[in-house]
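In our numbering, the protein residues as written are -1 to 276.
We put the beta carbon where it would ideally sit given N, CA and C, even for glycine.
This one's a predicted model, so the numbers in the text were calculated from it and none came from an experiment.
Here's the structure we're looking at; comments come further down.
Here you go:
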């Protein structure tokens, strides 16, 4: 049994062989009588017409094939160019956002009376028990332990460990952190401590002080670390129990500790020299 493919190929070969024989016969006897030539033309004409149609069809298919290949290659190039353009766009957006943050940091730095240095956050403590970050500034930049760290939004934390090029910052929301604060409205004083979540508590506020949700807390300047008047956060909840001399106060920091990328270290807060000397 012959396969369909074999039969088709054999038919095509036979078709071309018959056409060649007829053309040869026509050329050999073209000087013969008019009737013979007319008969030959009438026989070979349809075959030549079919041959011409097949050749034209093959040429069209061939050119379309190469056209499709060219279009496919061009499409691949355009896709690659589009991906590169999108990548460049993302990089430009990221650069613009970084420039905006740094510009805001620089503008805030100009308003500071103390000498400061800007640092980039390059790491965070993976431990759930400590809330700290690593910045790319160290001893060679004038950074030393117990220096305050801030951003334009407010207080970030305090430097705890320093190497030549890097420093570790304990954030204000850590349970081991403490910032002396006052309520901006009525000057009631307390100690802001970090909680397990991204919030803080205001401790040691006497029962008789009038505190309400929305009150703003700022640094008092009495802890020897943070200059006076830096923004800390707002009071979000106040609880007065029937017993006890202190209120329970929940504080929401101004700083979003999950999104900050750059910080400023205050190198020479006035109170630092007052408490610890130069």
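Outcome for residue i when other beta-carbon atoms lying within 10 angstroms are tallied against a minimum of 16
i	result
residue 62	exposed
residue 67	exposed
residue 156	buried
residue 166	buried
residue 237	exposed
residue 245	buried
residue 84	exposed
residue 210	exposed
residue 179	buried
Coil, strand or helix - residue i by DSSP
i	result
residue 152	strand
residue 177	strand
residue 240	coil
residue 78	helix
residue 87	helix
Same chain, Cβ closer than 6 Å to residue i, neighbours up to 5 away in sequence not counted
i	result
residue 242	none
residue 123	130
C-beta atoms of residue i and residue j nearer than 8 Å
i	j	result
residue 146	residue 159	no
residue 233	residue 213	yes
residue 247	residue 200	yes
residue 192	residue 173	yes
residue 189	residue 255	no
residue 287	residue 136	Nothing can be reported for residue 287: it is not among the residues displayed for the chain, which extend from -1 to 276.
residue 264	residue 148	yes
Close Cβ partners of residue i (< 7 Å) along its chain, the five nearest in sequence each way excluded
i	result
residue 202	188, 189, 244
Close beta carbons around residue i, own chain, < 8 Å, minus the five adjacent residues each side
i	result
residue 196	171, 251, 255, 256
residue 93	none
residue 186	180, 203, 204, 207, 208, 209
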